[in-house]
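Residue numbers (our numbering), protein chains in the order written: chain A, 98 to 299; chain B, 98 to 299; chain C, 98 to 299; chain D, 98 to 299. Quick notes on the structure that follows.
4 protein chains.
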Amino acid sequence: MKAIALNATLKSGPDRSKSSTGHMLDLIAAAMKKEDVDCEILTLADYDIWPGVTSGEGDGDEWPMIREKILAADILILGTPIWLGQPSSVCKRALERMDAFLGETDDRGRMPTYGRVAAVAAVGNEDGAHHVSAELYQALNDVGFSLAPNAIAYWVGEAMKSTDFIDLPETPKKVQSTIDMMVANALHLARLLARDPYPGSR
Amino acid sequence: MKAIALNATLKSGPDRSKSSTGHMLDLIAAAMKKEDVDCEILTLADYDIWPGVTSGEGDGDEWPMIREKILAADILILGTPIWLGQPSSVCKRALERMDAFLGETDDRGRMPTYGRVAAVAAVGNEDGAHHVSAELYQALNDVGFSLAPNAIAYWVGEAMKSTDFIDLPETPKKVQSTIDMMVANALHLARLLARDPYPGSR
Amino acid sequence: MKAIALNATLKSGPDRSKSSTGHMLDLIAAAMKKEDVDCEILTLADYDIWPGVTSGEGDGDEWPMIREKILAADILILGTPIWLGQPSSVCKRALERMDAFLGETDDRGRMPTYGRVAAVAAVGNEDGAHHVSAELYQALNDVGFSLAPNAIAYWVGEAMKSTDFIDLPETPKKVQSTIDMMVANALHLARLLARDPYPGSR
Amino acid sequence: MKAIALNATLKSGPDRSKSSTGHMLDLIAAAMKKEDVDCEILTLADYDIWPGVTSGEGDGDEWPMIREKILAADILILGTPIWLGQPSSVCKRALERMDAFLGETDDRGRMPTYGRVAAVAAVGNEDGAHHVSAELYQALNDVGFSLAPNAIAYWVGEAMKSTDFIDLPETPKKVQSTIDMMVANALHLARLLARDPYPGSR
């Protein structure tokens with residue numbers, strides 16, 4: 098079992114160490130580690146991902162490398178900050194590029210993502226996690242991923258407040274148990290699908 | 098100037114006094130009172146609103162009375178609790194019935210709602226206010242309402258917590274100033290549109 | 098394997114035979130039949146489902162019977178018409194009642210829905226299927242269901258048109274193959290999870 | 098009266114002439130021309146807009162110039178293609194940068210956008226326009242824009258089809274009348290607000 102986590106923070110370079118989304122992904126990776134599953138974390142803003150809906154947009158476009166890593170993993174964690182109650186533009190860019198999977202089906206109608214499990218991490222100062230998961234579940238499911246129950250780990254503060262998740266003195270217990278459950282479910286589902294792939298149709 | 102507020106809480110009868118959404122609407126009505134505008138609050142679950150997309154679904158359907166009140170007011174406040182990060186079924190029922198406005202245009206293509214201003218109140222234990230406003234803005238705008246800036250007053254607690262807005266020791270300052278601004282903007286816009294109605298088209 | 102399909106049309110009684118959503122659910126049930134899986138279809142508007150977020154709201158509330166059927170099935174198909182680009186109030190009512198599953202976990206943190214697979218059917222005159230699936234995926238996943246890839250069968254017409262799906266001379270080929278794939282994926286996943294249930298956490 | 102239209106197509110350079118979103122914006126600009134209002138169209142992908150939530154992210158960031166144009170106009174048309182039923186990453190990038198308006202209020206609590214009117218153009222092969230408008234209405238309203246009724250012009254084809262709007266032999270009559278109404282309403286509202294600005298609060 099192998100997992101890849103994509104951090105869709107707007108921050109790049111050294112600033113990414115201040116990413117609350119990155120902090121949530123670290124917690125998820127740690128929970129996976131406990132289950133002996135390696136989870137690589139990749140900060141999307143560090144790469145030059147061109148706008149488009151194909152798997153390769155040209156020379157210099159770094160999406161193909163990320164695409165390879167997604168397909169080499171059993172589990173994809175898509176982590177995004179919440180701005181204006183919505184997923185980030187960096188997150189949307191990655192989803193758009195995954196749109197290409199829709200046209201890459203085999204003779205049984207299966208996309209290359211079939212059999213892979215997706216989950217979501219969403220972090221913001223206040224409000225928006227459920228909507229973010231709704232949009233991401235739909236997009237990820239449309240492009241072939243399976244979802245185990247409770248496929249989101251999230252934190253947002255009280256309405257109109259500005260605390261950052263990364264600055265909390267400790268991880269709230271309920272957040273930690275949500276992470277643990279998300280990881281347990283995703284791993285279980287990924288193992289089942291690795292052993293018994295979807296047969297496809299037609 | 099006259100306002101009508103619809104409380105889409107799932108609670109009916111005396112239970113409605115425990116509605117956090119109702120509490121938010123009371124605060125909004127109080128802010129309007131200060132501006133000498135009367136705001137009637139109506140709890141939708143107290144009425145028998147039939148499923149459907151017409152203005153009158155039959156004998157016993159109580160929507161026509163509510164519809165009259167909406168059209169007699171200059172401002173509509175649609176208040177809803179948040180469940181699973183989404184507006185309530187009671188709120189959706191009211192929006193569905195307003196779908197009928199789409200077919201009730203005059204010879205200049207204007208719905209009976211044209212010139213009226215809408216705003217949203219959303220309250221929940223945690224998360225969902227931005228998504229609720231997104232869905233309500235879209236539905237209300239589709240059926241002819243105008244929206245002043247910052248057309249939502251909301252409160253939600255920290256992620257995965259269960260505090261009720263109605264049980265807060267006092268209204269957070271930022272929530273009160275949001276209510277005041279929402280009311281000021283909605284009143285200003287409603288006054289402009291009462292004086293200078295949309296001319297319509299064709 | 099057993100499936101239950103809930104039709105969240107606004108129509109009840111004999112009118113329900115004119116439901117385009119019902120027509121889509123018939124096609125899905127037929128595809129399941131081919132795989133020797135029985136799919137019962139139940140029209141929600143025929144029942145008195147009280148507003149609320151518990152599993153039983155009182156004497157006369159017919160949700161408990163529907164809840165039983167959901168938990169007795171391996172697969173839940175939630176079918177909804179699209180009004181104003183959104184799921185119906187009848188659909189939202191059912192989701193609200195499923196909110197109760199969140200509090201009915203066992204000592205491993207698992208809801209009674211764990212191990213069950215959900216899918217969505219969405220039908221409208223124009224636009225809204227993706228948003229409907231986003232909201233339904235999120236709500237259904239939040240309350241414990243798993244999602245196989247391409248968990249939606251849908252049809253909507255061209256923008257601003259008014260054709261009903263039930264009146265199409267024949268089912269578009271692409272729609273039929275989408276139904277077939279949705280059914281194949283959901284069945285495969287439900288079989289895996291029936292054999293190997295989620296272990297839960299803590 | 099002056100309008101600015103932002104085209105959030107993923108296409109840049111000469112390819113942008115094949116943008117269906119651009120075609121819709123041309124139709125909107127033509128409708129404005131008839132009312133003697135000038136509408137400049139700007140293709141966002143032609144500019145280097147850095148990720149971030151401030152008004153200026155550094156040397157080379159071209160957002161400040163676009164921000165100036167938005168604030169110099171009375172009406173903002175935000176046009177986006179629909180991918181996976183959602184607005185484009187390019188559109189989200191622009192909205193994120195407008196998040197900065199939230200912190201740029203005057204002593205009456207008014208953002209620099211107050212008094213400006215926004216509208217949406219959404220174009221796709223199939224499905225998603227209502228959701229796109231929901232997300233854009235919410236984000237644009239959050240950052241201070243007003244919305245006249247029917248603030249969207251859109252086109253999407255039948256479910257699972259792949260026709261491009263730009264390739265239609267002619268503009269459907271209903272689409273044209275929707276454009277005309279959107280323009281008439283937006284202009285009327287912008288004129289009222291230019292004459293009578295929001296007074297703000299406290």
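The C-beta atom is built at its ideal place from N, Cα and C for all residues, glycine as well.
If you compare alpha carbons, which of the options is closest to residue i?
i	options	result
I174(B)	D203(B), P209(B), M129(B)	M129(B)
D224(B)	Y295(A), E255(A), E154(A)	E255(A)
R164(D)	D112(D), P209(D), V280(D)	P209(D)
V220(D)	F242(D), E201(D), T260(D), L141(D)	T260(D)
K108(C)	Y144(C), K270(C), A126(C)	Y144(C)
A236(A)	S152(A), C188(A), N222(A), D277(A)	C188(A)
M278(A)	A169(C), D156(C), Y211(C), I146(C)	Y211(C)
A215(D)	A142(D), K270(D), G241(D)	G241(D)
G206(B)	S186(D), D196(D), I276(D), Y234(D)	I276(D)
A127(D)	S185(D), S274(D), G155(D)	S274(D)
P299(C)	Y234(C), D204(C), G155(C)	Residue identity check: residue 299(C) is Arg in the sequence provided, not Pro. Here the closest residue by C-alpha is D204(C).
Assuming residue i and residue j are in contact, meaning their beta carbons sit under 8 Å apart, how far apart are those beta carbons, in whole angstroms?
i	j	result
A191(C)	L290(C)	That pair is no contact at about 22 Å.
E172(C)	A283(C)	Checking the sequence, you will find Ile at residue 172(C) rather than Glu. Contact flag correct, Cβ pair sits at about 5 Å.
S243(D)	A245(B)	6 Å
M98(C)	R292(C)	The pair is not a contact, with the Cβ atoms about 11 Å apart (cut-off 8 Å).
Y295(C)	Y234(A)	At roughly 18 Å, the Cβ-Cβ gap does not stay under 8 Å, so Y295(C) and Y234(A) are not in contact.
Rounding to the nearest angstrom, what Cα-Cα distance links residue i and residue j in this structure?
i	j	result
A247(D)	D239(B)	With the sequence shown as reference, residue 247(D) is identified as Asn, and Ala is not the correct amino acid for it. Each residue's alpha carbon lies about 5 Å from the other.
A281(B)	V134(B)	11 Å
W252(C)	V272(C)	7 Å
L168(C)	I125(C)	20 Å
I263(D)	K115(B)	54 Å
K270(C)	S185(D)	29 Å
L286(C)	L286(A)	9 Å
D196(D)	D112(D)	29 Å
L265(B)	P266(D)	60 Å
Who are the near neighbours of residue i in its chain, counting only those whose CB is closer than 7 Å to its CB and skipping five residues on each side?
i	result
G176(C)	A102, L103, N104, A105, T118, M121, L122, A218
T202(C)	M208
E132(B)	V280, L284
E159(B)	Y144, D145, I146
F198(C)	M208, P209, T210, V240, G241
G200(C)	none
T268(C)	L124
Here's the rule: buried if 16 or more other CB atoms are within 10 angstroms of the residue's CB, otherwise exposed. What is residue i?
i	result
G149(A)	buried
M162(D)	exposed
L181(D)	buried
A170(B)	buried
R213(A)	buried
G110(C)	exposed
P178(B)	buried
G297(A)	buried
Keeping to the same chain, check which residues put their C-beta closer than 8 Å to that of residue i; ignore five residues upstream and five downstream.
i	result
E193(B)	P148, G149, V150
K166(B)	I101, E137, L139
Q183(C)	G225, H228, V229, E232
M257(C)	E223
G157(D)	D145, W147
Short of 6 Å in beta carbon distance, which residues of its chain neighbour residue i, apart from the five on each side in sequence? Order them along the chain.
i	result
N222(A)	G254, S259
G153(C)	P161
G155(A)	none
Please determine whether the Cβ atom of residue i lies at a distance below 6 Å from any heavy atom of the ligand NAP.
i	result
G149(B)	By its list of ligands, the structure shown contains no ligand whatsoever, and the ligand NAP lies outside what it can speak to.
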